[in-house]
Structures are given as C-alpha cells and as structure tokens.
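Counting the sequence shown from 1 gives a position; our numbering is that position plus 1.
Note that the Cβ used here is the ideal one computed from N, Cα and C, for glycine as well.
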Amino acid sequence: MNEKQRIKNCIQFRETDRVPWQINYTTEIAGKIMKSLKLSGVNHTVLGKNIFKYNPLDDYFGNHITNLRNRAVNSVKEVEPGIWSDEWGVLWDRRIDRDIGTPVNCLLDGMDLNQLKFPDPDDPSRYLHFNPAIEAGPHRYILVKFSYSLFERAWSLRGMENLMVDFIQNPSFVHELFNKITDFNLKIIDNLINFPVDGIYFGDDWGGQRGLLMSPGTWRTFIRPYLQKMYGRAHEKGYDVFIHSCGNITVILDDLIEIGVDVFNPFQPEAIDVEGIIEKYSGKLAFYGGLSIQKTLPFGKPEDVRKEVDSRLKLAGKFRGLILSPSHDMPPDIPMDNILAMLETIKNQ
2 MNEKQRIKNC IQFRETDRVP WQINYTTEIA GKIMKSLKLS GVNHTVLGKN
52 IFKYNPLDDY FGNHITNLRN RAVNSVKEVE PGIWSDEWGV LWDRRIDRDI
102 GTPVNCLLDG MDLNQLKFPD PDDPSRYLHF NPAIEAGPHR YILVKFSYSL
152 FERAWSLRGM ENLMVDFIQN PSFVHELFNK ITDFNLKIID NLINFPVDGI
202 YFGDDWGGQR GLLMSPGTWR TFIRPYLQKM YGRAHEKGYD VFIHSCGNIT
252 VILDDLIEIG VDVFNPFQPE AIDVEGIIEK YSGKLAFYGG LSIQKTLPFG
302 KPEDVRKEVD SRLKLAGKFR GLILSPSHDM PPDIPMDNIL AMLETIKNQ
C-alpha cells in the first residue's frame with residue numbers, strides 16, 4: 002500500500018497497513034532541519050523563472066501528501082524589507098511571521114467592489130508548478146490548497162473589524178463579496194481537471210481556542226451557503242474535500258459534514274477533545290492533525306512526544322479516519338530531538 006492509497010483508505014474509513022502521516026513545516030524550521038541534516042533543495046525553472054523547489058524533507062519525513070498552491074509561485078513578492086504583496090494586492094508584514102504575516106493595508110475601504118481587481122484564475126502561470134511537484138512524488142496524495150478561501154480572503158481585503166461590522170450593518174455587501182470570491186474559486190476548481198488531483202484543501206479560519214469568532218447563526222447565514230457551492234463543485238469533479246480551520250469549531254462540525262467535508266484539519270488538542278471527537282465522528286468525518294504544536298512538541302521532552310504519538314496511533318487503530326500530523330505547520334521553536342522522536346515513533350508503528 003503506497004501513500005496515496007493509505008490517505009484514500011483513511012478518508013473512507015477503510016483498513017490501512019499503517020496510519021498515514023504528514024509533517025508540514027514553516028520556512029524557518031525547514032531551513033534549520035535541512036541545515037542539521039545537510040540537505041538541499043532543487044530548483045525547477047521555466048523560461049528562467051523558479052516555478053518549483055523540490056524539498057527533500059518530504060522524502061525524509063515519509064510524507065503522504067503533496068501540497069500544491071492555487072497561485073503562481075512568483076505571485077507573492079517582497080515590495081520592501083519584510084513587506085510582501087500577494088496576488089490580490091494585500092500587503093503582509095512578515096517581519097515576525099515569515100510565512101503568513103499581518104495585513105497592513107485595506108484594499109476595500111468602502112463597499113465598491115469595482116475598485117477590487119481579481120487575479121486571473123485562467124492564468125497558465127498559476128498552474129506551472131503543478132506537474133513538477135506531482136512528478137516528484139507520484140506515489141503521494143495530491144492536494145491543492147485554497148488558502149484564504151472565503152472569510153479569510155474577505156477580511157484580508159476589507160479588514161477584520163470592518164467585515165465583522167458589515168455582517169450586521171451591510172449584509173448585502175457581504176453576500177456580494179462572498180459570491181464574487183466563490184465564483185473565482187469555482188473557476189479554479191474547474192481548471193484542476195487538467196491535473197491528477199485527489200483532493201482540495203480549503204483554508205478558512207473561523208475559530209479561536211474556545212469557540213467560533215462569530216455566532217453559529219452568523220456563520221450559517223453568511224458562510225455556509227458559499228462553502229456548500231465550493232464543496233459541491235469539488236465533489237462533482239471527484240475530489241475529496243479538506244477544510245482547515247484553526248480553533249474550536251466543534252459547534253459546526255455537523256454542518257460541515259452536511260455540506261460535504263471529508264477531512265477536518267488542524268485538529269488542535271489544546272482546543273478540541275481529540276479522543277472524544279474522533280469517537281463521536283468515526284465513520285462520518287476524518288481528521289488530519291492531532292499532535293500538539295503549542296505544548297508537547299515545542300516544550301515537552303522526547304518521551305512526552307513519543308507518548309502523545311503513541312496515543313494518537315492507538316486512537317487511529319481503534320476508530321480509523323486519522324491522518325497523523327502536527328496540528329499546524331511546525332513552527333521554529335520545536336527542538337530537533339522532539340522532531341526526531343515524533344518521526345521515529347510514527348515510522349516504527
């Protein structure tokens with residue numbers, strides 16, 4: 002059984018020879034690990050442009066998933082020291098967080114959507130890195146990542162406070178904005194038919210450590226209808242649907258199942274009762290994550306890491322439906338000894 006087969010069987014709650022795993026990482030810790038292991042990446046270029054950098058960490062970790070971004074590799078650019086512009090024109094301060102950052106401008110300071118220029122979903126450069134990445138790991142499950150898929154894209158354009166007020170004061174504007182973002186995503190989903198894609202990973206954080214950032218009613222009114230369109234289109238094309246939302250969003254897990262989610266990530270043990278939720282949703286919803294990046298991995302000892310990994314493997318053996326992984330991309334404060342303890346315990350299952 003190869004990596005792709007394990008992921009597919011896991012999602013469908015069928016037996017696997019081993020619990021599948023995925024170890025994702027931030028740019029900063031990847032550099033540290035590769036330096037420690039004396040590894041180096043390989044650049045793939047087209048017409049003189051770097052379109053894909055093969056990272057040997059995926060082989061070293063034995064990762065089961067190849068993650069593809071739904072944007073051109075060179076579409077995010079540093080416009081001044083520490084400030085990066087994305088393909089929408091949002092400026093992100095990455096002086097502390099080198100991978101994501103914090104928006105520092107507001108493209109939608111009013112409610113005129115004509116002032117907003119959408120990226121081109123049909124631009125061939127958006128997909129140039131797909132085939133090299135797929136060819137580098139044809140045995141892996143191919144997952145296209147739609148980061149900032151709806152709510153996050155809206156607040157990055159409008160501003161978080163403004164959008165929260167708009168839910169109450171300007172609901173028709175919110176629906177118009179969400180509808181346009183959804184149409185943009187649907188066009189990209191349609192274009193994926195040109196590639197051997199297995200699943201789509203929709204990123205859209207709705208939660209904090211203790212619950213939703215908004216009421217369940219607000220989520221169901223403004224967000225659920227558009228998710229249902231996107232998830233439905235993905236299923237029409239034959240793709241599994243992954244959703245990433247940080248925090249405790251257990252109050253809407255049943256909603257997510259109803260509208261077609263197959264896999265929930267990041268499954269944070271600090272925010273969600275891992276054992277209770279796996280048992281409750283066994284056979285209905287698969288999970289991806291489960292290893293603590295807030296406590297055990299950064300602050301525990303190697304024996305603590307081994308114990309936590311063992312406990313998750315036992316849960317997966319009992320209830321199935323778990324892709325074992327750190328609950329988010331590994332941040333730079335995780336000691337190398339703990340990474341090696343995690344990896345050794347996973348591989349020795």
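Go ahead and pull the three-state DSSP assignment for residue i.
{"i": "histidine 245", "result": "strand"}
{"i": "phenylalanine 14", "result": "coil"}
{"i": "lysine 78", "result": "strand"}
{"i": "valine 252", "result": "helix"}
{"i": "asparagine 339", "result": "helix"}
{"i": "valine 264", "result": "strand"}
{"i": "aspartate 60", "result": "helix"}
{"i": "glycine 102", "result": "coil"}
{"i": "tyrosine 227", "result": "helix"}
{"i": "leucine 94", "result": "Looking at the sequence provided, one finds aspartate at residue 94 rather than leucine. If DSSP states are grouped into helix, strand and coil, aspartate 94 belongs with the strands."}
{"i": "phenylalanine 185", "result": "helix"}
{"i": "glycine 42", "result": "coil"}
{"i": "serine 293", "result": "coil"}
{"i": "serine 312", "result": "helix"}
{"i": "arginine 234", "result": "helix"}
{"i": "lysine 281", "result": "helix"}
{"i": "lysine 54", "result": "strand"}
{"i": "phenylalanine 300", "result": "helix"}
{"i": "serine 328", "result": "coil"}
{"i": "phenylalanine 320", "result": "helix"}
{"i": "arginine 70", "result": "strand"}
{"i": "alanine 272", "result": "coil"}
{"i": "tyrosine 26", "result": "strand"}
Let me check understanding here. Comparing Cα to Cα, which of the options lies closest to residue i?
{"i": "phenylalanine 185", "options": "Leu228, Phe300, Trp220, Asn195", "result": "Leu228"}
{"i": "proline 303", "options": "His65, Leu323, Leu344", "result": "Leu344"}
{"i": "serine 157", "options": "Asp206, Gly200, Ser126, His130", "result": "Asp206"}
{"i": "leucine 109", "options": "Pro122, Val175, Tyr142", "result": "Val175"}
{"i": "arginine 70", "options": "Ile294, Phe320, Arg141, Phe203", "result": "Phe203"}
{"i": "isoleucine 189", "options": "Ser126, Pro122, Phe196, Asn163", "result": "Pro122"}
{"i": "asparagine 56", "options": "Ser328, Asn339, Leu164, Gly138", "result": "Gly138"}
{"i": "proline 104", "options": "Gly90, Gln6, Leu114", "result": "Gly90"}
{"i": "asparagine 249", "options": "Asn163, Gly208, Met215", "result": "Gly208"}
{"i": "proline 270", "options": "Ile24, Arg15, His329, Gly102", "result": "His329"}
{"i": "lysine 54", "options": "Ile24, Gly102, Ala134, Asp113", "result": "Ala134"}
{"i": "asparagine 266", "options": "Tyr232, Lys238, Leu323, Glu136", "result": "Leu323"}
{"i": "glutamate 81", "options": "Phe179, Arg72, Arg96, Ala73", "result": "Arg96"}
{"i": "glutamate 237", "options": "Asn3, Asp191, Lys9", "result": "Asp191"}
{"i": "threonine 28", "options": "Ser126, Ala155, Leu58, Asp87", "result": "Leu58"}
{"i": "aspartate 124", "options": "Glu136, Val74, Leu286", "result": "Val74"}
{"i": "histidine 130", "options": "Pro120, Val145, Gln116", "result": "Val145"}
{"i": "leucine 178", "options": "Asp113, Ser148, Trp85, Lys230", "result": "Asp113"}
{"i": "isoleucine 260", "options": "Leu286, Val275, Glu276, Asp274", "result": "Leu286"}
{"i": "proline 299", "options": "Val275, Asp274, Ile34, Pro332", "result": "Pro332"}
{"i": "arginine 7", "options": "Gly63, Lys33, Ala31, Leu38", "result": "Gly63"}
{"i": "arginine 99", "options": "Asn10, Val310, Phe320, Gly32", "result": "Gly32"}
{"i": "proline 21", "options": "Val310, Leu341, Asn339", "result": "Val310"}
Measuring only the C-alpha atoms, how far is residue i from residue j?
{"i": "alanine 272", "j": "isoleucine 278", "result": "11 Å"}
{"i": "valine 252", "j": "glycine 218", "result": "11 Å"}
{"i": "serine 150", "j": "isoleucine 335", "result": "29 Å"}
{"i": "threonine 297", "j": "asparagine 171", "result": "43 Å"}
{"i": "leucine 40", "j": "asparagine 68", "result": "20 Å"}
{"i": "phenylalanine 152", "j": "valine 166", "result": "14 Å"}
{"i": "threonine 346", "j": "lysine 308", "result": "9 Å"}
{"i": "isoleucine 244", "j": "glycine 318", "result": "23 Å"}
{"i": "glutamine 295", "j": "alanine 235", "result": "32 Å"}
{"i": "valine 262", "j": "tyrosine 26", "result": "24 Å"}
{"i": "lysine 118", "j": "lysine 181", "result": "11 Å"}
{"i": "isoleucine 398", "j": "lysine 315", "result": "Given that the chain is displayed from residue 2 to residue 350, the structure contains no residue 398 and the question cannot be resolved."}
{"i": "glutamine 13", "j": "glutamine 116", "result": "44 Å"}
{"i": "methionine 2", "j": "lysine 348", "result": "15 Å"}
{"i": "asparagine 163", "j": "isoleucine 169", "result": "10 Å"}
{"i": "leucine 187", "j": "tyrosine 232", "result": "9 Å"}
{"i": "glycine 160", "j": "proline 327", "result": "29 Å"}
{"i": "proline 120", "j": "methionine 337", "result": "39 Å"}
{"i": "glycine 212", "j": "valine 275", "result": "15 Å"}
{"i": "leucine 92", "j": "isoleucine 224", "result": "25 Å"}
{"i": "isoleucine 143", "j": "phenylalanine 196", "result": "9 Å"}
{"i": "glutamate 4", "j": "valine 306", "result": "23 Å"}
{"i": "leucine 325", "j": "isoleucine 34", "result": "20 Å"}
Return the Cβ separation of residue i and residue j in integer angstroms, given the expectation that the two are a contact with Cβ distance under 8 Å.
{"i": "tyrosine 282", "j": "leucine 254", "result": "7 Å"}
{"i": "glycine 83", "j": "aspartate 94", "result": "6 Å"}
{"i": "glycine 200", "j": "aspartate 241", "result": "4 Å"}
{"i": "isoleucine 194", "j": "arginine 141", "result": "Actually they do not touch by this definition, with Cβ atoms about 20 Å apart."}
Worksheet entry | beta strand (DSSP E) segments (min. 3 residues) lying fully within the segment 131-183 | Counting only unbroken stretches of 3 or more residues, the beta strand (DSSP E) elements lying wholly within the segment 131-183 are 142-147, in sequence order.
Worksheet item: Hey, which unbroken runs of the beta strand (DSSP E) at 3 residues or more fall wholly within the segment 187-225?
Response: Unbroken beta strand (DSSP E) stretches of 3 residues or longer found wholly inside the segment 187-225: 200-204, given in chain order.
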